[in-house]
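Participant:
If you want it as structure tokens, here you go:
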């Protein structure tokens, strides 16, 4: 990158943007948008030690991943300020609270309203722009309503076959500001497609004059996406705290390229084929189920993790972890890629067995999900150590956060693309897994051959 100055006078002396992700897969998705556009980018798994941060002194985009989406507002109020303050101290013009592109949230879990209220205390702003749609990921917002694509087509969010049935945050409202009104009393306004195509700045001024503190911004295709990016960047002095999916970064990158602040770069290539990878999955999505079926027919050893064990005595959970590490290492020795999974989609009988066990236990759903993710992370750690495999996948947004914590990795850098939002990354940290190549995938994301594609090295198609 050169030492250009954009039309608003911003220089490249420091970071352009910082972000805090409410789950690990979404945090990695932001990283790849920026990195593959030519912006030096690093994602930390927590506030990093100074020695680790110093390894990435040239970064122009800095993120911290978390598991905030899986927690209640009290946890968020206690745990968000620290990392947000650390990121704010990097003095980037934009501080982004990253949410899922399907707006996963509720008043009790992953409250976006709580996040906005907390973020405004760290970085006061006249209002908070919110761009949730990411057209390149088949997420679209039109006149305030969010739509998301599946292999069967594009659905309004409250009629989406996955999100309408989400086990934690089922969506019964596609109008995002109506959904958000259950989580915060902050006044809001919509900047819709018509406004973006005519006078977006005028729409912004009118919304601010009416007292709006949250600004939901439509995005459907390249033109509206770039208009959203331009509106945010040109008003960053008073709209410096934003929320949304990686749609924020897609929009900003379009604007930076349009203004010459960022030059176009060639597409990133493959990471190269490996003989075997190791993978774990805590997702119950039907999309993941199809991916598991494909993997099972293509050189992967599918190993079932009984999630009910987290509701039993600790000894039962330890026994399952040890068994699956052993079976995974044995599969790798036979030339297969071990893939440990808790369920094969929402209709797997294992899902109902787990729900019955959870109801009979003293565990809360969030606590149990954390135990499942941590157990899968420990299994992955053990398989990698025993087998010597150096490429891995974690499937499931919440699983990725809890699982990554078991690997001792403190930073991720994008290496090779796969589907948008699930690139192969290089992990860095003071652990045995330093240099591990790893992809983090949300449950509802990806092509049917995703696991095989990662084994082949990813790369554009």
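Numbering (this note's numbering), first residue to last: 414 to 874. Quick reminder that beta carbons are idealized off the backbone N, C-alpha and C, glycines included. Since this is a predicted model, take the numbers as computed values, not measurements.
(1) State the Cα-Cα distance for the pair residue 886 and residue 688, rounded to the nearest angstrom.
(2) For the alpha helix (DSSP H) that contains residue 529, what are its first and last residues?
(3) Quick one: Cα of residue 867 to Cα of residue 858, how far?
(4) Tell me which same chain residues have a C-beta within less than 6 Å of the C-beta of residue 605, skipping the five on either side of it?
(5) Out of 500, 520, 504, 616, which one is the CA nearest neighbour of residue 511?
(6) Since residue 495 and residue 443 are thought to touch, with beta carbons under 8 Å apart, how far apart are those beta carbons, to the nearest angstrom?
(7) According to DSSP, is residue 811 part of a helix, a strand, or is it coil?
(8) With three or more C-beta pairs closer than 8 Å as the rule, is the segment 708–727 touching the segment 760–772?
(9) Compute the beta-carbon to beta-carbon distance between residue 613 and residue 644, rounded to the nearest angstrom, for a pair I have assumed lies under 8 Å.
(10) Evaluate residue 819 with the Cβ neighbour count: other Cβ atoms within 10 Å of its Cβ, from every protein chain shown; 16 or more gives buried, anything less gives exposed.
(11) Between which two residues does the alpha helix (DSSP H) containing residue 608 stretch?
(12) Report yes or no: do the segment 705–713 and the segment 815–832 share at least 3 C-beta pairs separated by less than 8 Å?
(13) Looking only at its own chain, which residues have a Cβ that is under 6 Å from the Cβ of residue 686, when we skip the five neighbours before and after it?
(14) Given residue 703, which residues of its chain have a CB within under 6 Å of its CB, disregarding the five upstream and five downstream residues?
(15) Would you kindly work out how many angstroms separate the C-alpha atoms of residue 792 and residue 752, rounded to a whole number?
(16) Which whole-angstrom value is the C-beta distance of residue 563 and residue 575, which I expect to be below 8 Å?
(17) Excluding the 5 residues flanking residue 493 on each side, which residues of the same chain have their C-beta closer than 7 Å to its C-beta?
(18) Looking at C-alpha atoms only, which residue of 465, 464, 478 is the closest neighbour of residue 431?
(19) Just grab the DSSP bridge partners of residue 432 for me.
(20) What residues in its chain sit with their C-beta under 6 Å from that of residue 795, if we drop five residues either side in the sequence?
(21) Leaving out the 5 sequence neighbours to the left and right, which residues in its chain are closer than 7 Å to residue 615 when beta-carbon positions are compared?
(22) Got a sec, what are the start and stop residues for the beta strand (DSSP E) residue 455 sits in?
(23) Just curious, the alpha helix (DSSP H) that residue 736 is in, first and last residue?
(24) Identify every residue that forms a DSSP beta bridge with residue 838.
(25) Considering residue 572, what are the terminal residues of the beta strand (DSSP E) in which it resides?
(26) Quick one: what does DSSP say residue 719 is sitting in, helix, strand or coil?
(27) Report all residues from its chain with a CB closer than 6 Å to the CB of residue 419; omit the five preceding and five following residues, and keep chain order.
(28) Taking the C-alpha atoms as reference points, what is the distance between residue 552 and residue 728?
(29) Kindly give me the distance between the Cβ atoms of residue 520 and residue 596, rounded to whole angstroms, as I take these residues to be in contact under 8 Å.
(30) Counting only runs of 4+ residues fully inside the segment 578–650, write out the alpha helix (DSSP H) ranges in chain order.
(31) Could you pull the DSSP bridge partners for residue 412 from this structure?
(32) Apart from the five residues just before and just after residue 490, which ones in its own chain have a Cβ nearer than 8 Å to its Cβ?
(33) For residue 780 and residue 465, what's the separation of their Cα atoms in angstroms?
(34) Which residues in the same chain have their Cβ closer than 6 Å to the Cβ of residue 800, if we skip the five residues on either side of it in sequence?
(35) Could you name the residues of the same chain whose beta carbon sits closer than 7 Å to that of residue 569, not counting the 5 residues immediately before and after it, in chain order?
(36) Quick check on this structure: which residue in 640, 679, 680 has the alpha carbon closest to the alpha carbon of residue 667?
Facilitator: Let's see:
(1) Since the first residue of the chain shown is 414 and the last is 874, residue 886 is not available in this structure.
(2) For residue 529, the enclosing alpha helix (DSSP H) starts and ends at 525–535.
(3) Taking C-alpha positions only, residue 867 is separated from residue 858 by approximately 14 Å.
(4) Here the set comprises 556, 631.
(5) Minimum Cα distance to residue 511 is reached at 500.
(6) Contact between residue 495 and residue 443 does not hold, since the beta-carbon distance rounds to 20 Å and is not under 8 Å.
(7) Here residue 811 sits in helix by DSSP.
(8) Contact between the segment 760–772 and the segment 708–727 is established, with three or more Cβ pairs separated by less than 8 Å.
(9) That belief holds up - the Cβ atoms of residue 613 and residue 644 are roughly 5 Å apart, short of 8 Å.
(10) Buried, because 16 or more other Cβ atoms sit within 10 Å of the Cβ of residue 819.
(11) In this chain, the alpha helix (DSSP H) harbouring residue 608 covers 606–611.
(12) The count of Cβ pairs closer than 8 Å, one atom from the segment 705–713 and one from the segment 815–832, stays below three, leaving the stretches out of contact.
(13) Cβ contact annotation for residue 686 (same chain, cutoff 6 Å, sequence separation greater than five): 869, 870, in chain order.
(14) Around residue 703: 861.
(15) Annotation: residue 792 to residue 752 spans about 10 Å, alpha carbon to alpha carbon.
(16) Cβ-Cβ separation between residue 563 and residue 575: approximately 7 Å, consistent with a contact (criterion under 8 Å).
(17) For residue 493, where only same-chain residues beyond five positions count, the Cβ hits under 7 Å are 481, 528, 531.
(18) Comparing Cα-Cα distances from residue 431 to each of 465, 464, 478, the minimum goes to 478.
(19) DSSP output for residue 432 lists 476, 509 as bridge partner(s).
(20) Shown here for residue 795: same chain residues with a beta carbon closer than 6 Å to its own, the five before and five after excluded, namely 738 in chain order.
(21) Counting only Cβ-Cβ distances below 7 Å, and skipping sequence neighbours, we find nothing.
(22) For residue 455, the enclosing beta strand (DSSP E) begins and ends at 454–457.
(23) Note, residue 736: alpha helix (DSSP H), 727–746.
(24) DSSP lists 827, 851 as partners of residue 838.
(25) Note, residue 572: premise wrong, no beta strand (DSSP E); not H, not E.
(26) Secondary structure at residue 719: coil, using DSSP grouped into helix, strand and coil.
(27) Because the pLDDT of residue 419 is 41, which lies under 50, any placement of that residue in the model is unreliable, and the number read from its coordinates should be weighed accordingly. Same-chain partners within the cutoff: 672, 674.
(28) Taking C-alpha positions only, residue 552 is separated from residue 728 by approximately 43 Å.
(29) Contact between residue 520 and residue 596 holds: CB atoms are separated by about 5 Å, below the 8 Å threshold.
(30) Fully enclosed alpha helix (DSSP H) runs of 4 or longer: 589–593, 606–611, 613–622, 635–647.
(31) Since the displayed the chain opens at 414 and closes at 874, residue 412 lies outside it and no answer follows.
(32) For residue 490, same chain residues with a beta-carbon under 8 Å away, outside a window of 5 residues either side, are 527, 531 in chain order.
(33) Their backbone Cα atoms lie some 30 Å apart in a straight line.
(34) Its chain contains 742, 745 as the residues whose beta carbon lies nearer than 6 Å to that of residue 800, once the 5 sequence neighbours on both sides are disregarded; these appear in chain order.
(35) Setting aside the 5 residues that flank it on each side, residue 569 is surrounded in the same chain by 558, 560, 587, each with a C-beta closer than 7 Å to its C-beta; the list follows chain order.
(36) Comparing Cα positions, the closest option is 640.
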